[in-house]
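Asks:
Protein chains in written order, with this note's numbering: chain A, 7 to 120; chain B, 59 to 172.
In structure tokens, the structure reads:
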């Protein structure tokens, strides 16, 4: 039972354009969401997060949007750069639990073409 | 520099052999985690520890064992009972869990079966 789903295994965009990566979740108890970026043979690095009390969080070129009613979030990268090419993982957690852990999606490989 | 160190970078296991993956952190984090990544898959939680001398099974703990004798260290043993050990293993840490703080990841260990 996959609670966090990234239905697009890959995405290709041109440099300077917008990249939109999508993520859906099924567990209504999730209230905190994160995006991680991962290069091959390296550990993921934190990119941006959003709490369920917000519907948007922005950090430079990266913006995450949360639609709680649809159980959907998206990561927008504007403008996209070749260095953004990586696998992006969506993750979710439930705050206040006694056993904190993140549930990850399968990831989306973003390729930004020069 | 503070961070998480995983060693070795590459590891080979023979049939019937136990192998231990090292994870050390100097971030003074209470919580530590082990994840496994398979090609085309998300990160799946093997074990996690919220405090020294305590650890909990994650989603795929069978065939693995851990210890948490020191705050800085959380080694993972892949036992001979793990029939499909080939994967990329990631260690992570965070400050006290449940506070919606992000995970910091090491650079990973690629384990392969000879």
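Using N, Cα and C, we set each Cβ at its ideal position, and we do this for glycine too.
Against chain B, which members of the stretch 43-54 of chain A pass a CB distance test of less than 8 Å?
Replies: Against chain B - using a Cβ distance shorter than 8 Å - the residues of the stretch 43-54 of chain A are 47, 48, 49, 50, 51, 52.
Asks: Under a three-way DSSP split, which group does residue 90(A) fall into?
Replies: The answer is helix: DSSP assigns residue 90(A) an H, G or I state.
Asks: Does the separation of the CB atoms of residue 68(B) and residue 168(B) fall below 8 Å?
Replies: For residue 68(B) and residue 168(B), yes; Cβs fall inside 8 Å.
Asks: Out of 60(A), 75(A), 120(A), 9(A), which has the shortest C-alpha to C-alpha gap to residue 85(A)?
Replies: Minimum Cα distance to residue 85(A) is reached at 120(A).
Asks: Check this for me: beta carbons of residue 18(A) and residue 114(A), under 8 Å apart or not?
Replies: No; because the gap between Cβ atoms is not below 8 Å, this pair is not in contact.
Asks: Measuring CB to CB, does residue 39(A) end up less than 8 Å from residue 96(A)?
Replies: Result yes, Cβ atoms of residue 39(A) and residue 96(A) sit closer than 8 Å.
Asks: Which residues, in chain order, does the stretch 89-102 of chain B contribute to contact with chain A at a C-beta distance below 9 Å?
Replies: Correct list: 89, 91, 93, 95, 98, 99, 100, 101, 102.
Asks: Could you check the C-alpha separation between residue 61(B) and residue 130(B) for me, to the nearest Å?
Replies: In a straight line, the C-alpha of residue 61(B) is about 11 Å away from that of residue 130(B).
Asks: Select from 72(A), 71(A), 93(A) the residue whose C-alpha is nearest the C-alpha of residue 14(A).
Replies: Comparing Cα-Cα distances from residue 14(A) to each of 72(A), 71(A), 93(A), the minimum goes to 93(A).
Asks: Exposed or buried, which one is residue 8(A) when buried takes at least 16 other CB atoms within 10 Å?
Replies: Its Cβ having fewer than 16 others within 10 Å, residue 8(A) is exposed.
Asks: Judging by CA-CA distance, which residue of 88(B), 121(B), 74(B) is the nearest neighbour of residue 107(B)?
Replies: Out of 88(B), 121(B), 74(B), 88(B) has the C-alpha closest to the C-alpha of residue 107(B).
Asks: Any beta-carbon of chain A closer than 8 Å to the one on residue 170(B)?
Replies: Chain A, which has no Cβ nearer than 8 Å to the Cβ of residue 170(B), makes this no.
Asks: Beta-carbon separation of residue 83(B) and residue 151(B) under 8 Å?
Replies: Closer than 8 Å, so yes.
Asks: Any beta carbon from chain B within less than 8 Å of residue 108(A)'s own beta carbon?
Replies: Yes, residue 108(A) lies at the interface with chain B (some Cβ there is under 8 Å from its Cβ).
Asks: Cβ of residue 98(A) within 8 Å of Cβ of residue 10(A)?
Replies: Yes.
Asks: For residue 89(B), name the three-state secondary structure that DSSP assigns.
Replies: In the structure shown, residue 89(B) sits in a strand (DSSP, three-state: E or B).
Asks: For chain A, check one thing: does any of its Cβ atoms lie closer than 8 Å to the Cβ of residue 129(B)?
Replies: With 8 Å as the cut-off, residue 129(B) does not count as an interface residue toward chain A.
Asks: Within 8 Å of any Cβ in chain A, is that where the Cβ of residue 151(B) sits?
Replies: Not an interface residue.
Asks: Quick check on the burial criterion: 16 or more other C-beta atoms within 10 angstroms. Buried or exposed for residue 70(B)?
Replies: The residue in question, residue 70(B), is exposed, as its Cβ has fewer than 16 Cβ neighbours within 10 Å.
Asks: Considering only C-alpha positions, which residue in the set 34(A), 78(A), 44(A) is nearest to residue 163(B)?
Replies: Nearest option by C-alpha distance: 44(A).
Asks: So who's on the other strand from residue 44(A), going by DSSP bridges?
Replies: Looking at the DSSP assignment, residue 44(A) forms a beta bridge with 93(A).
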